[in-house]
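J.:
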Amino acid sequence: MCLLSRRELVKSLNLVPEKSRHFRAGCLALQSFCYILCKMASRLDRIAQQRRQKLERIRSRGIEPYPYVYHRSHTTKQALALLNKQEAKSQAKARVVSLAGRITANRPMGKISFLDLRDGAGKIQLCFYQNRLSEETLALFQDLDIGDIIGASGKLFRTKSGEPTLEVESLALLAKSLQPLPEKWHGLADVDKRYRQRYLDLIANTEAMGTFRVRSQVIAAIRQFLNQRGFIEVETPVLQASAGGALANPFTTHHQALDQDFYLRIALELHLKRLLVGGFDKVYEIGRIFRNEGVSTQHHPEFTMLESYEAYVNYQDVMTMLEEMVSEVCQQVMGTTKVRFGGDTVNLKAPWKRLTLRDAVKKHSGIDFVTYPTADGLRDRMRSLKIEVDPKKNWAKLVDELIKSFVKPKLIQPTIIFDYPVSMSPLAKTKRDEERVAERFQAIAGGLEIANAYTELNDPIEQRKRFEEQLKERQGADEERWTIDEDYLLALEYGMPPAGGLGVGIDRLVMLLTNQAAIREVILFPQLREKE
RNA sequence: GGGCCGUUAGCUCAGUUGGCAGAGCACCUGACUUUUAAUCAGGGUGUCGCAGGUUCGAGACCUGCACGGCCUACCA
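Residue numbers 225 to 756, in the working numbering, belong to the letters of the first sequence in order.
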């Protein structure tokens with residue numbers, strides 16, 4: 225009310241509008257003055273102020289609007305089941321139940337009001353007959369708002385239209401809501417707001433809630449699958465003196481007391497393989513890893529990775545396990561192995577199609593990269609297909625480019641692409657008789673890279689050689705932070721059993737199952753730039 | 001990092017050629033005893049992202065900035 229535009233200011237003060245800069249400056253000063261005067265009052269919008277008034281009114285009647293506990297007898301879901309049971313018996317003796325949750329809608333109908341109550345299990349309709357409520361309950365009811373969290377008890381019945389309903393006899397306010405909820409029909413659409421205030425997204429958009437339930441169930445099902453097969457879940461350090469196991473840029477941090485810089489881990493791999501050395505046969509970790517790289521619909525600076533390592537098996541065995549795991553997890557969580565993803569239906573049922581990387585690239589780009597063993601040769605061939613090629617890319621990166629632009633987008637149904645060039649797989653064992661090929665595979669579905677796995681390199685001398693080559697390449701790119709993980713090499717020197725390792729991007733798997741195109745949709749609180 | 005687009009009421013969105021800032025939901029007042037996007041009658045609640053500029057006049061046009069989205073680049 226105090227915040228007037230210049231036009232309104234002119235109107236309200238009966239001024240004759242002038243065009244001069246002095247007049248404008250004067251208006252500005254006056255506006256600023258009003259603004260400062262009213263700032264305290266206007267910080268809360270109208271609705272929040274009204275609700276604060278209700279809050280005070282409730283308090284003044286001796287009711288604590290934020291009490292400590294409310295022991296409900298049923299969830300909304302249990303209440304629905306109870307009503308069905310009640311109705312099945314001819315003796316329909318309704319018992320009193322108590323429910324708790326958030327009010328999400330209000331439909332007043334004269335002396336009856338219908339409200340929706342939502343809890344973690346679902347939703348049920350409440351009904352208040354104003355003439356049947358006690359004076360105190362009626363007063364409290366009249367100060368309720370959509371968004372408030374309440375406890376309500378009474379008897380269950382069904383309305384004329386068949387809606388399961390609780391006729392409320394007694395009412396408890398459990399938390400007064402001071403902010404209005406997003407619009408009930410369109411929900412919350414502002415992407416920025418949905419991420420920053422995810423709780424509103426969860427309240428307003430049931431699909432968002434569903435996505436994160438699936439995420440939770442997927443992780444639980446994976447744990448169950450691996451535990452049943454004798455895998456042991458472990459936890460390894462996030463803070464590491466040397467960030468290895470992948471080629472990504474790490475985040476750095478600092479330990480005060482030790483006065484030492486640390487990296488946040490970029491992979492789980494090297495510590496899990498130390499545990500194979502230590503004698504665990506089957507280990508896995510589901511953990512957050514951090515990569516200081518660009519963000520996109522498929523990349524996020526922190527994401528969740530499953531890595532598992534099993535001694536005495538090779539990548540062929542891992543392929544089979546992966547197929548079975550994804551297939552079973554999907555069946556268990558979604559109730560089917562067929563999921564919609566974009567315009568496609570992806571069937572994750574095992575077994576999956578398998579083909580070599582060489583054949584896959586040949587099939588989808590027409591280039592047989594084996595016949596172009598040098599970076600220059602391959603680059604020329606790619607240019608002849610009018611592919612734009614970064615001249616700084618080495619041979620391995622050019623092959624990766626071919627995979628990314630030709631192979632991945634074509635692979636909608638789950639496919640295992642195996643046998644990768646050694647030069648792009650420094651931690652994988654070379655294939656017998658094929659020096660340039662590593663026993664490595666990636667699984668792709670819906671065009672998303674879901675998993676990466678290999679027969680683990682356990683020859684310490686060969687591993688050192690590969691690390692050194694990698695380091696040379698990195699130092700060429702003027703990256704000084706890269707060091708060789710000597711401790712890991714020492715562990716290998718004690719002897720690591722032959723093993724098959726697997727990495728699964730949990731976020732991307734959840735994207736696939738929940739038909740989400742952006743990784744941020746499956747991360748509860750995605751990283752955003754700070755506002756203001 | 002580059003390109004394109006966006007930011008208007010608590011929410012979802014209109015806003016024409018530069019001419020008094022407007023709809024639905026939510027909210028407030030009233031009616032209504034089985035509603036369910038309840039309905040009906042009334043009420044607009046706003047620093048038009050921020051800062052400048054052009055203009056008699058800017059939500060709109062120009063410049064810069066912030067935040068976001070998509071594409072691209074980077075990224076095992």
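Ideal Cβ positions, reconstructed from N, Cα and C, are used throughout, including at glycine.
Given the structure is predicted, the values throughout are model-derived calculations rather than measurements.
1) Could you give the uninterrupted runs of the beta strand (DSSP E) lying entirely in the stretch 265 to 297, keeping only those of 3 residues or more?
2) From the DSSP output, in three-state form, read off residue 684 for me.
3) What alpha helix (DSSP H) runs, 4 residues minimum, are completely inside the stretch 358 to 382?
4) Would you report the Cα separation of residue 299 and residue 376, rounded to the nearest angstrom?
5) Return the Cβ separation of residue 372 and residue 397 in integer angstroms, given the expectation that the two are a contact with Cβ distance under 8 Å.
6) Grouping DSSP H, G and I as helix and E and B as strand, with all else coil, what is residue 453?
7) What do you reckon, are the CB atoms on residue 678 and residue 494 nearer than 8 Å?
8) Pick helix, strand or coil for residue 347, following the three-state DSSP scheme.
9) Tell me residue 212's beta-bridge partners as DSSP assigns them.
10) I need the straight-line Cα distance from residue 305 to residue 380, nearest angstrom please.
11) Looking at the unbroken beta strand (DSSP E) that takes in residue 666, where does it start and where does it end?
12) So for residue 593, helix, strand or coil by DSSP?
13) How would you call residue 416, buried or exposed, if buried means at least 16 neighbouring beta carbons within 10 angstroms?
14) Please classify residue 696: is it buried, with 16 or more other beta-carbons within 10 angstroms of its beta-carbon, or exposed?
15) Helix or strand or just coil, what does DSSP make of residue 262?
16) Would residue 339 pass as a contact of residue 329 if the rule is Cβ separation under 8 Å?
17) Taking only runs that begin and end inside the stretch 555 to 633, name each unbroken alpha helix (DSSP H) of 4 or more residues, in chain order.
18) Per DSSP, residue 640 is paired with what?
19) With H, G and I counted as helix, E and B as strand and the rest as coil, what does DSSP make of residue 744?
20) Out of curiosity, what's the CA-to-CA distance linking residue 473 and residue 327?
21) Grab me the residues of residue 434's own chain with a C-beta within less than 8 Å of its C-beta, minus the 5 sequence neighbours each way, in chain order.
22) Rounded to a whole number of angstroms, what is the C-alpha to C-alpha distance between residue 500 and residue 665?
23) For residue 625, which of 602, 374, 301, 638 has the nearest alpha-carbon?
24) Using a Cβ distance threshold of 8 Å, determine whether the stretch 586 to 595 contacts the stretch 648 to 657, with at least three qualifying pairs required.
25) Pair every Cβ in the stretch 478 to 497 with every Cβ in the stretch 431 to 446, then say whether three or more of these pairs are closer than 8 Å.
26) Among 391, 597, 505, 719, whose alpha-carbon lies nearest the alpha-carbon of residue 318?
27) Is it true that the stretch 579 to 588 meets the stretch 641 to 648, where meeting means three or more beta-carbon pairs spaced less than 8 Å apart?
28) If we call anything under 8 Å between Cβ atoms a contact, is residue 455 one with residue 508?
29) State the DSSP-derived secondary structure class of residue 649, mapped to helix, strand or coil.
30) Return the bridge partner residues of residue 442 from the DSSP annotation.
31) For the pair the stretch 271 to 291 and the stretch 332 to 352, tell me if three or more CB-CB distances fall below 8 Å.
32) Pairs of beta-carbons, one from the stretch 668 to 688 and one from the stretch 537 to 544, closer than 8 Å: are there three or more?
33) In whole angstroms, what separates the C-alpha of residue 312 from that of residue 361?
34) With distance defined between alpha-carbon atoms, name the residue in 657, 506, 302 nearest to residue 720.
35) If you reduce the DSSP assignment to three classes, tell me which class residue 655 lands in.
36) May I ask you to report which of helix, strand or coil DSSP gives residue 516?
T.: The answer reads as follows:
1) none
2) By one-based count along the first sequence, residue 684 stands at place 460. The answer is helix: DSSP assigns residue 684 an H, G or I state.
3) 359 to 366
4) In the first sequence, the residue the question calls residue 299 occupies position 75. In the first sequence, the residue the question calls residue 376 occupies position 152. Going from the Cα of residue 299 to the Cα of residue 376 covers about 11 Å.
5) Counting from 1 along the first sequence, the entry for residue 372 is found at position 148. Counting from 1 along the first sequence, the entry for residue 397 is found at position 173. Going by Cβ atoms, the distance from residue 372 to residue 397 rounds to 7 Å, so yes, they are a contact pair.
6) By 1-based counting over the first sequence, the position of residue 453 is 229. Coil at residue 453, not helix or strand.
7) The sequence position of residue 678 within the first sequence is 454, counting from 1. The sequence position of residue 494 within the first sequence is 270, counting from 1. No, the pair does not count as a contact, with Cβ atoms beyond the cut-off.
8) The count along the first sequence starts at 1 and reaches residue 347 at position 123. In this structure, residue 347 counts as strand in the three-state DSSP scheme.
9) Shown here, the chain extends from 225 to 756; a query on residue 212 therefore has no answer.
10) The residue given as residue 305 occupies position 81 in the first sequence. The residue given as residue 380 occupies position 156 in the first sequence. Between residue 305 and residue 380, the C-alpha separation is close to 11 Å.
11) By one-based count along the first sequence, residue 666 stands at place 442. It spans 658 to 669 - the beta strand (DSSP E) in which residue 666 sits, taken as one unbroken run.
12) Taking the first sequence and counting its residues from 1, the one referred to as residue 593 is at position 369. In this structure, residue 593 counts as helix in the three-state DSSP scheme.
13) Indexing the first sequence from 1 puts residue 416 at position 192. Exposed: under 16 other Cβ atoms inside 10 Å.
14) Here residue 696 corresponds to residue number 472 of the first sequence, with the count starting at 1. Exposed.
15) Reading the first sequence from its first residue, position 38 is the one you call residue 262. Low confidence applies to residue 262: its pLDDT is 39, below 50, so where it sits in the model is not reliable enough to give any reading.
16) Reading the first sequence from its first residue, position 115 is the one you call residue 339. Reading the first sequence from its first residue, position 105 is the one you call residue 329. Going by C-beta atoms, residue 339 is nearer than 8 Å to residue 329.
17) 581 to 589, 599 to 608, 619 to 626
18) Reading the first sequence from its first residue, position 416 is the one you call residue 640. Paired residues: 578, 667.
19) Walking along the first sequence from the start, residue 744 turns up at place 520. DSSP places residue 744 in the helix class (H, G or I) of the three-state scheme.
20) Mapped onto the first sequence, residue 473 falls at position 249. Mapped onto the first sequence, residue 327 falls at position 103. The straight-line gap from Cα to Cα measures roughly 47 Å.
21) For the purposes of this step, residue 434 is taken as the residue at position 210 of the first sequence. Taken in chain order, the residues that qualify are 738.
22) Taking the first residue of the first sequence as position 1, residue 500 is located at position 276. Taking the first residue of the first sequence as position 1, residue 665 is located at position 441. So the two alpha carbons sit approximately 21 Å from each other.
23) For the purposes of this step, residue 625 is identified with residue 401 of the first sequence, where counting begins at 1. That would be 602, whose Cα lies nearest to the Cα of residue 625.
24) no
25) no
26) Working through the first sequence from its first residue, we reach residue 318 at position 94. Checked all of 391, 597, 505, 719; the closest Cα to residue 318 is 391.
27) yes
28) Numbered from 1 along the first sequence, position 231 holds the residue referred to as residue 455. Numbered from 1 along the first sequence, position 284 holds the residue referred to as residue 508. Going by C-beta atoms, residue 455 is nearer than 8 Å to residue 508.
29) Taking the first residue of the first sequence as position 1, residue 649 is located at position 425. In the structure shown, residue 649 sits in coil (DSSP, three-state: anything other than H, G, I, E or B).
30) Counting from one through the first sequence, the residue named residue 442 turns up at place 218. Residue 442 is not bridged to any residue.
31) no
32) yes
33) In the first sequence, counting from the first residue as 1, residue 312 sits at position 88. In the first sequence, counting from the first residue as 1, residue 361 sits at position 137. Using only the alpha carbons, I get a separation of about 32 Å.
34) Here residue 720 refers to the residue found at position 496 of the first sequence. The residue with the shortest Cα to Cα distance from residue 720 is 506.
35) As a first step, residue 655 is located in the first sequence; it is residue number 431 there, counting from the start. Strand.
36) As a working mapping, residue 516 is identified with position 292 in the first sequence. Residue state, collapsed to three classes: coil.
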